[in-house]
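Following numbering that gives the first Met the number 0, the numbering of the sequence shown begins with 0 at its first residue and continues without gaps.
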Amino acid sequence: MILTCECGSRFEIPSSKIPKKGITVKCSVCGKEWFQQFIDDKNENKSFDTIDPSKMKNKISLKTKYKSNFFGNFFIFILFIAFLVFMMIFFKEHILISFPKLDNFYLTLEIMSEIIFVNIRYFMEIIASVFKNI
């Protein structure tokens, strides 16, 4: 068994020297004392030949299910954001009656959307002029 102190020093001690109930050990480098519990090394030394391949297939399939589930969750998140935007647009008056401090927020959104639409129109004019020249 390899014991590691907080100072980074490592010590190799036979597992037979550590009782099942654990033992208090002291670092010979820094003098720090700590309680070390008994750890069974038998399970840690398994070779790759003893691993059951059917269990590994189950773990692999769980990973692929998680990846496919990510895109579903992302789609649901986008739908949720679209729903919130829809609610903010169509229930603007009711929201402002309940939360009058959001008036500046709505003004900021209107200015930002106006800037975006002006830039989109400008971009469309550039594209139209390029296609007219072709």
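Built from N, CA and C at the ideal position, the CB exists for glycine as well. All values derive from a computational prediction rather than experimental measurement.
- Query: Using a Cβ-Cβ cut-off of 8 Å (strictly less than) and excluding sequence neighbours within five positions of residue 8, which residues of its own chain qualify?
  - Reply: 26, 27, 28, 29
- Message: Tell me the rounded alpha-carbon separation between residue 14 and residue 38.
- Response: 8 Å
- Could you tell me which residues DSSP pairs with residue 10 in its beta bridges? 2
- Item | Proximity winner among 18, 21, 31, 16, relative to residue 3 (alpha-carbon distances) | 31
- Task: Could you confirm whether any beta carbon from chain D is found closer than 8 Å to the beta carbon of residue 112?
- Result: No chain D is present in this structure, which holds just one protein chain.
- In three-state DSSP terms, what is residue 90? Here residue 90 sits in coil by DSSP.
- Task: Select from 35, 6, 94 the residue whose C-alpha is nearest the C-alpha of residue 12.
- Result: Closest by alpha carbon: 35.
- Message: Strictly by DSSP, which residues pair up with residue 32?
- Response: Bridge partners of residue 32: 25.
- Item | Residue interval of the alpha helix (DSSP H) (run including residue 104) | 102–132
- Message: Measuring only the C-alpha atoms, how far is residue 23 from residue 81?
- Response: 60 Å
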